[in-house]
Each structure stands twice: as structure tokens, then as C-alpha cells.
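In the order they appear, the protein sequences are chains A and B.
Per this note's numbering, the first sequence starts with residue 11, numbered consecutively.
Per this note's numbering, the second sequence starts with residue 11, numbered consecutively.
Heads up, the beta-carbon is just placed ideally off N, CA and C, and yes, glycines get one too.
Since the structure comes first, as C-alpha cells, the remarks are kept for the end.
Number of protein chains: 2
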Amino acid sequence: MQTQTIEDYLKAIYELGREDPGEKLTTTALAERLGVSPATVTGTLKKLARLRLVVHKPYRGVELTDAGRKIALEVIRHHRLIELYLQQALGVPWDRVHEEAEKWEHVLSEELEDRIDALLGHPTQDPHGAPIPARDGTIAQPECVRLSELAPGQTAVIAEVSDHDPELLRYLGERGLYPNVSIELIAKEPFGGPLTVRVGRQGREWALGPEAARHVFVTEVVQEGGPSHEAEKE
Amino acid sequence: MQTQTIEDYLKAIYELGREDPGEKLTTTALAERLGVSPATVTGTLKKLARLRLVVHKPYRGVELTDAGRKIALEVIRHHRLIELYLQQALGVPWDRVHEEAEKWEHVLSEELEDRIDALLGHPTQDPHGAPIPARDGTIAQPECVRLSELAPGQTAVIAEVSDHDPELLRYLGERGLYPNVSIELIAKEPFGGPLTVRVGRQGREWALGPEAARHVFVTEVVQEGGPSHEAEKE
DNA sequence: GTTTAAATTTTGTCATGCCAAAATTATAGC
DNA sequence: GCTATAATTTTGGCATGACAAAATTTAAAC
């Protein structure tokens, strides 16, 4: 296991904080995400607190300061720009860009960041639909809900999918569940059973595992049932 | 100073060995190149010897084993492919590609190496004229001599220039001294004084500092004086 | 063959990132 | 409010990569 940097910690804190907004961010959750022991996390948290990058209330959880969030968003900007660049310029399939970007995000200079950003036309989304933070550390965070929480009959547009699990990404890709594709929830088994969805307007119907549906985030619920006036983006 | 990896050591040993072929490679020279103390180099050399990547005769110098050379050449292949890619695909000027590649060479996966190699058309030279090792760890090393060692009247083709000093690279670039450009030595002051050269056939004449001339390597000496029958490569 | 200077290695120490085990704290159930 | 359990932090220790200073070896000068 390679040793984790301050940047890795800040990024993980930011991401876990977003995944459970409002919840306290625990040492154990961070330890699992980073692949280190809780004891190690506590030690690093004390260091980060000394550097004024996080506020750590012992036994009470941790959160980022403005300075810490700024650094986290810089790393995430690098990560997402690289993901998109690897896909667009080098043809890396979307289930593998995350892993590569994990390494490249730490060695990207500001100059190259700018060149890549310009070459891609100042993009706002990475291949998984996640927003790319601006250079000044701001980020657009559109409202969205899990696909698994939609009601049958509702139509929505896929905003973002989790990028951590390559297998999930291949599963979603085979079914056409990419960002900006519209999706209609046809039916939903109770007690967390599989969903039936129609992917794309007049598109194919698929059964979808409930676990996968929890990792797909949708937005812009157009209307319940009936035909839409929105043009389909593919 | 960031901490040096095994890869950095092997690459430095390979490069210093090539710069002074036949000479023994000293601990101090390695220490200077790597920016660490001689004591640290001795320690790491013992570790590399234990891994059978170098042969270290205490007080007598060090050299690479076949296994060590293989790894060094893999890193150098990464480095040079990335230098060329940064220049060709991202427009990074040739005096800055080296510094960037120093960081990127360590995070390049085999998959991306292949994609970049193919995208560049399986190139054989980096922007400074250095040969790019093949995947199997072989490298073409054409004969060449320092420009400073040419005799007045001799014509040659620039094979390679040192890539470590950005200022030198800008100096050479301003005068058109790129790899594959032909160059004629018009005159040479004694005692290591400046040289007068003509760059490119029917090209401009320049005075060239002796230090710069020691970092330009030329090959394919066509003939002394007189017109050439070779076509000019630009 | 000494002597001496320079290069090299050895020794001892420090800082860092990690972990397991022990101690502490929070919290949920009673 | 207690108590048990789980989460968290503290403690002590290990490995690594770095350095300065001391000891050793080489090699050059005499």
C-alpha cells in the first residue's frame, strides 16, 4: 500500500463529506477510504489541524476549513480534468480513467492544467458527470437524487455516476447509462428489489440492480409520465 | 528536496555512466546529481546491491546489472516518450518538457505508454534528439562527438543536446541548433574559446560559447569543406 | 614506504508514516 | 443515571530515507 499524502486526506474528507452531507465524518470511514488504520488517521488529522486545513474535534468528527477545501478542490479539479483528457485525447475507456487519474492528479503543474483545460474547451463535467471545480476553487453542485429514490413513472436525466468501481461503470455503460442521458423509471420492486428503467427516449428497457441504482444520480425531473418537450441529448 | 526513489537512482546511474563511459562512477557524482548527501547514496547503493540491481564495490564505484539497466531504460523510455508527447500534443516548449517529464515518468502505466507511443507513431527520438529505448529494454546509441571537438571546416549533423538546463536549451533554440539540423564549424578559438558555426546549409553564422558546444553532440560527419551531396533535413 | 588529502563508508540520530494494543470517550439500552 | 459496546485516541514500536560527524580506505605526493 502506497503512503497517503495530505492531498489524499483532504480529497477523501471532501468526498466523504459530500456523500453524507450533514452526517459527521468519522475516523473509521476515512480509514476505510484511504486504506489505513484508524490510528493512522487520527495522527494525520492532528497534523492537518495544526496546519489549519481541517477542524478536528476529538471523538466528534472532522471537517475542512476553507483553506483545506480549497486544496481539496484543486486536487479534484486536476483529477477530473485528467479523467476527461485521458478519455477524449488518449481514448482510455471510462471505467479505467479514475485509477489513472489517481496517480496523475498529484503531478500536474499549473501550466499543464491550463493547457489541458483549454484543449478540452474549459469543460464543466468529467466523464462520470461530476462537475469540474474552477481554478478559483468554486464548484457547481446541481441538485440531484439517487436513481433508486425515484418513483415509478418519473422521468429524469442522469447527472452523475460513481466513478470508483470499474465493474459498475462497465455495467452501466453496457446499458447506456451515461451522464446527460434521460431515463424513465418504469417499475420498482419493493424492499430494495430491482428496478425497471427505460434508457433514452424511446430507448430500451432494462432491469437494474438496486445497488447500481444507488450509485446513479439524476436531476431535472421533467414531469411524471407523458411525452416530454425536451430534446434528447446523446 | 523530495525523496528519491530507486528508479531515480537507477536512471541517474545509467545517465552518469553514459556521460563518462569507461570512468568509474563515484558516490559523490551520484550524490550531486540526485541532490542528496554521499552518505545517503552509500546507503541506497547497499540496498540496490542487495536487490541485485547494481554491483557496488566499496570505494571502487558502482555499475548497473542487466536487471538494473532494464529498469533504468524503462524509466528513460517513459521520460522521453512523455517529453515528446508534451511537446507534440500539448505544445510545451522544449526547454520545459524535461522538468515535467521528471514527475510524469513515475506514474505512467504500461497501457498509457502504449497509447502514447502509438499516437506519436512509435518515435525513436525525444525533442532533444535522445534515442527512445524500445519496450524490450534495447536502445540505439549512434556514435557521436561533442560539437566542441570538431575541427574547423568539418560539417556534421546535430544528434542530441543536453536536456537538463532550460537556459541552455533556449540559447540553442534561438540559434536554430535542433537535432537533425546540419552544422558547419567555421572557426574555433584556441584554449576553449568561442566557436563560429554555420547552422543549416546556407544558414546563418553564429558565435557559440564553448560551454554550450560541449553540450551539443553531432554525428554523420559528411566531409571536410566543399559542397555536400546530402539533402538538408530540417 | 610514509604521509597526507580526498573520497567513501560507518555510526548515531532525526523525522515521518504506518500499525497493534491499550486506554479513553461517546452512546445506546436498560 | 448506570453499563456495555463501539468508536476513537494514545502509546509504544517498526521501517524508511535522510543527514552530520567520525572512522576508514584510496591514491597521490614525497
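Inset, instruction - Could you tell me which of D127/B, I16/B, L91/B sits nearest to L74/B, measuring between CA atoms? - result: Ranked by Cα distance from L74/B, the first of D127/B, I16/B, L91/B is I16/B.
Inset, instruction - Kindly confirm or deny that the segment 110–118 of chain B and the segment 77–90 of chain B touch, where touching means at least three C-beta pairs closer than 8 Å. - result: They touch, by the three-pair rule.
Legend entry - Interface flag, E93/A vs chain B, CB-CB below 8 Å: no
Legend entry - Three or more C-beta pairs below 8 Å linking the segment 177–193 of chain B and the segment 135–150 of chain B: yes
Legend entry - Contact list for L179/B against chain A, beta-carbon separation under 8 Å: Near L179/B there are no residues of chain A at all, since even the closest Cβ is about 16 Å away, more than 8 Å.
Inset, instruction - Would you kindly work out how many angstroms separate the C-alpha atoms of G210/A and P162/A, rounded to a whole number? - result: 16 Å
Legend entry - Segment contact flag, the segment 19–37 of chain B with the segment 201–219 of chain A, C-beta cutoff 8 Å, min 3 pairs: no
Inset, instruction - For E153/A, collect the residues of the same chain with a Cβ closer than 7 Å to its Cβ; drop the 5 residues on either side in sequence, then sort them by chain order. - result: T229
Legend entry - Cα-Cα separation, Y24/A to G147/A: 13 Å
Legend entry - Interface partners of E110/B on chain A, CB under 7 Å: S119, L122
Legend entry - Closer than 8 Å at the beta carbon, the chain B residues around G101/A: R125
Legend entry - Burial state of D76/B (16 or more Cβ within 10 Å): exposed
Legend entry - Interface flag, K113/A vs chain B, CB-CB below 8 Å: For K113/A, the answer is yes, since a Cβ of chain B falls inside 8 Å of its Cβ.
Inset, instruction - Please confirm whether G78/A and K34/A have their CB atoms less than 8 Å apart. - result: no
Legend entry - Closest Cα partner of W104/A within the set Q212/A, L20/A, S172/A, K56/A: S172/A
Inset, instruction - Could you spell out the range, first to last residue, of the beta strand (DSSP E) harbouring R208/B? - result: 205–209
Inset, instruction - Run the CB neighbour count on Q164/A, radius 10 Å, all protein chains shown included, and call it buried at 16 or more, exposed below. - result: Buried.
Legend entry - E242/A, DSSP secondary structure in three states: With a pLDDT of only 48 at E242/A, under the threshold of 50, the placement of this residue in the model should not be trusted, and no figure is reported.
Inset, instruction - Select from E120/A, E121/A, L94/A, E170/A the residue whose C-alpha is nearest the C-alpha of C109/A. - result: Going by the sequence as given, residue 109/A is Glu instead of Cys. When each option's Cα is compared against that of E109/A, the closest is L94/A.
Legend entry - C-beta contact flag for R224/B and R156/B at 8 Å: yes
Legend entry - Helix, strand or coil at T75/A according to DSSP, with G and I counted as helix: Judged by DSSP in its simplified three-state form, T75/A adopts coil rather than helix or strand.
Inset, instruction - Taking all protein chains shown into account, decide if D124/A is buried (16 or more other Cβ within 10 angstroms of its Cβ) or exposed. - result: exposed
Inset, instruction - Can you tell me which of L91/A, E194/A, A222/A puts its alpha carbon nearest to the alpha carbon of G183/A? - result: A222/A
Legend entry - Within-8 Å CB hit, W104/B to chain A: For W104/B, the answer is no, since every Cβ of chain A falls outside 8 Å of its Cβ.
Legend entry - Residues near Y181/B by beta carbon distance below 7 Å, same chain, minus five either side: A222
Inset, instruction - Could you check which residue in A150/A, K21/A, L195/A, G45/A has the C-alpha nearest to that of L4/A? - result: Here chain A comprises residues numbered 11 to 244, so residue 4/A is not present and cannot be evaluated.
Inset, instruction - Return the chain-ordered ranges of every alpha helix (DSSP H) run that is complete within the segment 74–159 of chain B and spans a minimum of 4 residues. - result: 76–100, 107–114, 120–129
Inset, instruction - Flag this pair as yes or no: are the beta carbons of L63/A and I81/A separated by less than 8 Å? - result: yes
Legend entry - Proximal residues to Q14/A (C-beta, below 7 Å), its chain only, five neighbours per side dropped: L44, V46
Inset, instruction - Output the distance between the C-alpha atoms of A111/A and W216/B, rounded to the nearest integer angstrom. - result: 46 Å
Legend entry - Buried or exposed by the 16-neighbour rule on C-beta atoms within 10 Å, applied to P143/A: buried
Inset, instruction - Look at the alpha carbon of I126/A and the alpha carbon of H132/B, and state the distance between them as a whole number of angstroms. - result: 23 Å
Inset, instruction - Going by CA-CA distance only, name the one from Q212/A, A128/A, D18/A, V102/A that's closest to S119/B. - result: V102/A
Inset, instruction - For my contact list, L100/A and L100/B are in at a C-beta cut-off of 8 Å; report their separation, rounded to the angstrom. - result: L100/A to L100/B, Cβ: 12 Å. No contact.
Inset, instruction - To the nearest angstrom, report how far apart R66/A and D18/A are at their CA atoms. - result: Going by the sequence as given, residue 66/A is His instead of Arg. Roughly 17 Å separates the two Cα atoms.
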